[in-house]
Amino acid sequence: MEYIHQYSWIIPFIPLPVPILIGVGLLLFPTTAKNLRRMWAFPSIFFLSIVMIFSVDLSIHQINKSFIYQYVWSWTINNDLSLEFGYLIDSLTSIMSILITTVGILVLIYSDNYMSHDQGYLRFFAYLSLFNTSMLGLVTSSNLIQIYIFWELVGMCSYLLIGFWFTRPIAANACQKAFVTNRVGDFGLLLGILGLYWITGSLEFRDLFQIFNNLIYNNQVNIFFVILCALLLFCGSIAKSAQFPLHVWLPDAMEGPTPISALIHAATMVAAGIFLVARLLPLFIVIPYIMNVIAFIGIITVVLGATLALAQKDIKRNLAYSTMSQLGYIMLALGMGSYRAALFHLITHAYSKALLFLGSGSIIHSMETIVGYSPDKSQNMVLMGGLTKHAPITKISFLIGTLSLCGIPPFACFWSKDEILNNSWLYSPIFAIIACSTAGLTAFYMFRIYLLVFDGYLNVDFENFNGKKNNSLYSISLWGKDGCFFFKNKMHLLGLLTMNNNERTYFFRTKLDPHQINRNVKSITRLFFYITFFGTKKTACSSYPHESDNTMLFSMLLLVLFTLLIGAIGINFNQEGIDLDILSKLLIPYIDLLHQNSNNSLDWYEFFKNATFSVSLAFFGIFIASFFYKPVYSALQNLNLLNLVEKNVLKKTVADKIRNVIYDWSYNQGYIDAFYGISLIASVRQLAKLNYFFDRQVIDGIPNGVGITSFFMGESLKYLGGGRISSYILCFLFFLLIFLVIFYYF
Amino acid sequence: MYLIFITNYFPWLTIVVVLPIAGGSLIFLFPHRGNKVIRWYTICICLVDLLLTTYAFCYHFKLDDPLIQLTENYKWIQFFDFYWRFGIDGLSIGPILLTGFITTLATLAAHPVTRESRLFHFLMLAMYSGQIGPFSSRDILLFFIMWEFELIPVYLLLSMWGGKKRLYSATKFLLYTAGGSIFLLMGILGIGLYSSNEPTLNFEMLTNRSYPLGLEILFYIGFLIAFAVKSPIIPFHTWLPDTHGEAHYSTCMLLAGILLKMGAYGLVRINMELLPRAHSIFSPWLMIIGSIQIIYAASTSLGQRNLKKRIAYSSVSHMGFIIIGIGSLSDTGLNGAILQIISHGFIGAALFFLAGTGYDRLRLLYLDEMGGMAIPMPKIFTIFSIFSMASLALPGMSGFVAEFIIFFGIITSQKYLLMTKILITFVTAIGMILTPIYSLSMLRQMFYGYKLFNTPNSYFFDSGPRELFISISILIPVIGIGIYPDFILSFSVDKVEAILSNFL
């Protein structure tokens with residue numbers, strides 16, 4: 069089977085024809101290309117399936133032999149510098165490529181339906197295939213230059229896809245923010261690459277590691293410079309994987325279409341940063357300082373992501389913060405040196421999160437028919453609720469995704485997260501405590517989402533009564549025209565607004581938690597809604613969300629299967645003789661700082677001890693979430709509860725204060741965006757203004773000033789030499805007078 | 159006749175230089191029969207010239223030879239020892255091809271021009287000659303004459319077909335460049351008349367000469383000022399935004415695509431080749447100025463409201479990379495600089511062309527007035543996005559390769575200390591963050607959003623086949639160089655080695 073590996077350089081190029089063809093078609097023959105639109109989905113899925121088969125085959129070979137195939141050929145030849153292209157297939161590459169292709173195929177199938185009514189359907193598929201190309205190129209690349217090239221291309225695809233609905237100003241801002249933030253990371257990556265090249269003189273991974281290790285052991289390099297370079301390299305990962313200081317782009321990136329959020333901003337592209345760190349781990353591992361930095365950044369991100377996810381209203385933003393937190397876990401695992409756990413969690417998290425995002429896409433899709441195509445509303449969890457009845461399959465798959473992410477045993481994420489948590493106890497108790505409590509938080513916010521979306525009653529009708537943007541006919545349809553046809557039916561409810569005003573203000577005054585008010589008011593407004601319901605019977609059919617189409621459900625159900633079963637590849641019990649642990653086999657030369665002396669497999673007792681602890685934490689989080697967010701079914705009951713709480717007023721105010729602080733912190737995204745806005749963006753603007761002023765007034769002012777002075781001199785000379793005899797005589801007499809005065813007095 | 163074509167002694171370069179202006183002067187003999195004939199005639203002349211150039215370079219130019227080829231020597235003025243002397247080497251072949259390519263496309267882009275069509279097209283052809291002239295001349299005085307000759311058509315093109323402030327900017331351009339030319343002339347006369355009774359104006363003989371250090375530095379400063387105005391290097395850059403802001407977009411294409419490159423070419427050709435000792439003294443300063451220029455121009459570009467001025471500042475910023483590459487004194491860096499000359503020639507010209515076509519439809523110049531253009535004009539949007547990406551050095555496009563090689567040039571340069579290299583690289587790389595900010599926000603302000611226009615006769619049609627053809631034919635080399643940079647590098651590698659051997 070050697071020949072397969074010789075041709076595996078083709079992996080990234082297999083999906084490439086699709087974007088090229090679509091691009092050329094759209095530019096040159098737009099009408100023909102658009103007529104064939106649904107046809108284009110097939111080749112993209114087909115090509116990606118070929119890649120998947122290819123990569124599965126490669127990974128089977130990896131399991132049996134664990135060879136590293138690497139072929140190199142030159143790109144530019146220069147005397148000093150030769151840039152080379154090559155590919156490197158090892159276990160990491162095969163894992164990543166399987167991950168990318170499986171999630172990619174499912175997302176393609178899903179988005180065929182999800183985007184079917186969109187005018188940019190073709191563009192979407194072109195971008196998506198381009199993304200797959202560059203992501204596959206990234207994971208198969210064999211040197212740092214190639215990594216950088218595909219790294220940027222992936223970033224560009226992300227930019228294009230976030231700004232896919234470019235008529236939305238928010239999306240326009242979000243995509244620029246994402247690109248610039250990623251560029252900050254690329255800045256570090258580029259400088260790191262240059263620095264490493266300067267130190268070692270090579271960009272090829274294996275040469276690089278070898279030379280680097282030799283240099284470190286022989287103490288031939290300036291350790292400070294080495295640390296600086298490694299930090300700069302890590303900068304790239306920070307930006308791409310949305311780690312702490314540069315995470316600001318990820319929540320905003322949710323402006324893109326939901327399949328994109330599933331593929332790029334949850335499963336694959338954000339894993340690129342992890343991939344880079346994993347790839348360069350042999351380099352980082354010889355500098356303990358860097359490993360500590362990685363773990364530290366990881367743990368900060370874990371906590372930050374989890375706390376920020378606590379009170380988001382937008383379902384996708386919430387999931388984005390959860391992604392950030394989980395990526396923090398993976399980064400933490402890498403920083404601790406447990407390579408296997410990190411990759412394991414990367415895989416399980418990718419499938420679970422893709423499932424969650426696809427589920428949320430299905431929810432959004434069904435909500436859009438009611439509230440219209442405004443992301444403010446269709447993604448607003450406050451307006452959802454009670455979708456269990458209307459979208460049962462979505463509910464089940466979403467629940468499975470949620471449980472998996474919370475770390476409930478049979479599902480995928482449990483196994484990997486448990487491993488990370490166990491390893492963190494070995495690394496440092498403080499980190500472990502933080503990580504474990506965050507696992508509880510994870511369960512809390514995930515179940516908050518689940519309960520808000522699927523439990524209780526539909527809250528859409530409440531929307532008409534909650535103040536400011538009533539009946540927002542403002543929301544523009546995506547492509548600027550043929551908008552707002554779903555809003556017509558809301559007009560009938562307008563009359564009720566004034567009637568309900570008193571109640572509304574009353575409820576807002578008494579209670580602080582907006583979600584609970586929602587339910588209160590909802591149960592009352594529901595009555596009114598039913599009154600008007602008969603008046604608007606024609607549009608009534610659309611006032612309930614419906615289950616998504618089969619294509620969408622199909623890919624979700626496949627992901628459910630993955631979520632159920634993927635955990636099996638990494639469970640390591642060696643006792644029974646049957647070795648299920650494919651992952652360990654794949655990663656035979658894997659690096660593990662923590663288990664160096666003990667054997668790899670844990671025994672049952674220890675495993676159960678740890679597992680019960682983490683699972684009980686998760687259940688604790690779920691319990692709290694259900695206490696807070698379990699809907700109360702009638703206004704009467706709610707009042708009772710209110711009275712119960714009312715009794716201990718003092719406690720309540722303190723608790724409310726704490727809750728408000730957390731809520732504000734989380735809702736304002738930890739004030740980090742605001743801080744960046746004030747400090748960085750404003751200062752760059754100021755600099756631009758200053759430079760503009762300087763350029764106009766000083767640098768340009770000098771030649772202009774010279775011009776004007778010479779102009780005036782010329783004018784005055786012209787005036788003097790204007791050929792008027794009288795002025796000559798005047799001048800002559802004047803100077804004569806002066807002369808005479810001087811002559812007489814001195 | 160056939161024999162003439164296959165020998166080396168056929169005056170290829172003379173024909174290439176003279177043909178456009180000779181053909182152009184025939185335009186005035188044409189009967190008054192509308193603009194169409196003139197247009198197609200001009201394009202034909204441009205095409206023929208481009209094809210001739212390519213043919214000559216394909217069959218009579220050997221890439222592996224760092225010496226001057228296709229030489230021609232005709233005595234022009236006897237007592238002054240002044241020759242009509244042409245010849246090309248690896249350094250000039252790229253810019254000449256670029257000139258032919260961009261000028262032909264600019265002529266095609268100038269289709270909508272109807273006012274004084276004869277004069278306009280004659281001037282375009284005169285520009286053609288005037289631009290190829292400096293790149294191919296091997297006599298330093300001839301270089302100067304060609305350099306000056308090309309100013310006249312630019313001035314006329316600026317002052318007759320431009321925006322509202324066109325006279326101001328045309329005058330500014332002329333005064334700036336003429337001011338620079340004084341230094342150029344003084345330098346040339348100084349070099350030519352030094353230490354002998356007979357003036358030597360031949361490049362080959364000048365290359366092997368050495369001067370006292372003080373004199374060399376003096377010459378170097380003179381040339382540097384002349385080329386700094388043209389290139390432009392801060393603080394001599396302010397003519398550029400004004401000129402680009404006012405000129406018609408076909409003129410802009412020539413200005414951004416070729417004219418700026420003449421400054422950089424002159425820096426390599428005269429300052430590096432003839433005055434190596436002074437260059438090695440000045441090169442750290444060049445690096446510093448270059449890195450400052452990148453950041454300064456990028457952040458100034460951010461503050462511009464005018465679309466064309468923003469692109470103009472972006473090209474000032476990109477020229478900084480060339481200066482750094484020239485200053486880096488390394489093989490890689492200089493190759494990168496030459497690649498950047500070619501690459502920015504394409505990208506800058508394309509951006510100005512697209513901005514111009516956008517202006518033709520919208521009649522708006524200020525970015526904050528625009529918005530939502532993507533829906534009526536998806537093709538322009540697509541191509542503008544692609545070129546913005548190219549301008550911010552996206553991998554796969556030529557800009558990336560050039561900037562990347564220049565970065566490597568800084569790192570591998572053996573002349574500088576580690577600390578200076580780190581600092582320069584760091585500062586230059588900050589430009590990498592600033593570039594997407596201005597170019598993407600330009601893209602966002604123009605195309606994203608949903609603004610509805612209230613401009614009179616606001617019917618927009620998307621770019622037609624002509625405009626699409628122009629943009630795609632610029633796009634192909636941009637991507638081609640980005641994927642296979644050896645294509646351009648193979649021209650210059652040997653020559654660069656030869657130049658740099660003077661410095662060791």
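Heads up: the protein sequence lines correspond to chains A and B, in order. Sequential numbering of the first sequence, starting at 69, is according to the numbering used here. Sequential numbering of the second sequence, starting at 159, is according to the numbering used here. Glycine included, C-beta positions come from ideal geometry on N, C-alpha and C. None of these values were measured; they are calculated from a predicted model.
The beta carbon of S694 (chain A) sits closer than 8 Å to those of F515, L519, all from its chain and outside the five residues before and after it, given in chain order.
For L487 (chain B), there is no enclosing alpha helix (DSSP H), as DSSP marks it with neither H nor E.
Per DSSP, the unbroken beta strand (DSSP E) holding E230 (chain B) starts and ends at 227 to 235. Apart from sequence neighbours up to five positions away, the residues of its chain that approach S623 (chain A) with a beta-carbon distance below 6 Å are L174, I177, Y178, ordered along the chain. 7 Å or more divides the Cβ of P399 (chain B) from the Cβ of K323 (chain B). Within 7 Å of the CB of T540 (chain B), the CB atoms of chain A belong to L95, in sequence order along the chain. Taken atom to atom, the span from the alpha-carbon of Y697 (chain A) to that of I580 (chain B) is near 55 Å. By the Cβ criterion, the segment 302 to 311 of chain B is not in contact with the segment 238 to 254 of chain B, since fewer than three pairs of Cβ atoms, one from each stretch, lie closer than 8 Å.
Rounded to whole angstroms, the separation of the alpha carbons of P635 (chain B) and L629 (chain A) is 47 Å. Bounds of the beta strand (DSSP E) holding I246 (chain B) are 240 to 246. At a cut-off of 7 Å between beta carbons, V316 (chain A) makes no contact with chain B. In the three-state DSSP reduction, S295 (chain B) falls in the strand class (E or B). For the 7 Å CB-CB criterion, A328 (chain B) and Y313 (chain B) form a contact.
Residues S488, T490 of the same chain have their beta carbon placed closer than 7 Å to that of T570 (chain B), with the five preceding and five following residues left out of the count. Within the DSSP secondary-structure output, A239 (chain A) pairs in no beta bridge. Not one beta carbon of chain B lies nearer than 7 Å to the beta carbon of L196 (chain A). In the three-state scheme derived from DSSP, where H, G and I count as helix and E and B as strand, A405 (chain B) is classed as strand. Of all residues in the segment 543 to 575 of chain B, only S543, M547, L550, A551, L552, P553, G554, F558, V559, F562, I563, F565, F566, G567, I568, I569, T570 come within less than 9 Å of chain A when Cβ atoms are compared, listed by chain position.
Burial state of T506 (chain A) is buried, judged by a 10 Å Cβ sphere holding 16 or more other Cβ atoms. Per the DSSP secondary-structure output, S209 (chain A) pairs in a beta bridge with A:Y155.
Contact between I398 (chain A) and L414 (chain A) holds: their C-beta atoms lie close to 5 Å from each other, under 8 Å. Contact note: R602 (chain B) reaches chain A through A240, Q244, using a C-beta cutoff of 7 Å and chain order.
The C-beta separation of A330 (chain A) from L411 (chain A) comes to about 20 Å, leaving the pair out of contact by the 8 Å criterion. Excluding the 5 residues flanking it on each side, S287 (chain B) has same chain C-beta neighbours closer than 6 Å at V175, P178, I179, in chain order. Close to chain B, meaning a Cβ-Cβ distance shorter than 7 Å, are the following residues of the segment 255 to 278 of chain A: F255, L258, L259, L262, Y265, W266. Taking 8 Å as the upper bound for CB-CB distance, G454 (chain A) and G524 (chain A) are in contact here, some 5 Å apart. Measuring C-alpha to C-alpha distances from Y182 (chain A) to each of A:V752, A:G429, A:F802, A:F780 identifies A:G429 as the nearest. Among the residues facing chain A, A532 (chain B) is included, as its CB has a counterpart in that chain under 7 Å away. The three-state secondary structure of Y524 (chain B), taken from DSSP, is strand.
Taking I375 (chain B) as the centre and dropping the five residues before and after it, the same chain places the C-beta of A436 closer than 6 Å to its C-beta, in chain order.
The alpha-carbon separation between V683 (chain A) and F565 (chain B) amounts to approximately 51 Å.
Think of a sphere of 9 Å around the beta carbon of L221 (chain A): the chain B residues whose beta carbon falls inside it are L552, P553, G554, in chain order.
Taking 7 Å as the threshold, the shortest C-beta distance from I121 (chain A) to chain B does not fall below it. Within 9 Å of the CB of M590 (chain B), the CB atoms of chain A belong to R251, D254, F255, L258, in sequence order along the chain. Taking 8 Å as the Cβ-Cβ cut-off, the segment 461 to 477 of chain B approaches chain A at G461, Q462, given in chain order. Between the C-alpha atoms of Q311 (chain A) and L460 (chain B) there is a straight-line separation of about 28 Å.
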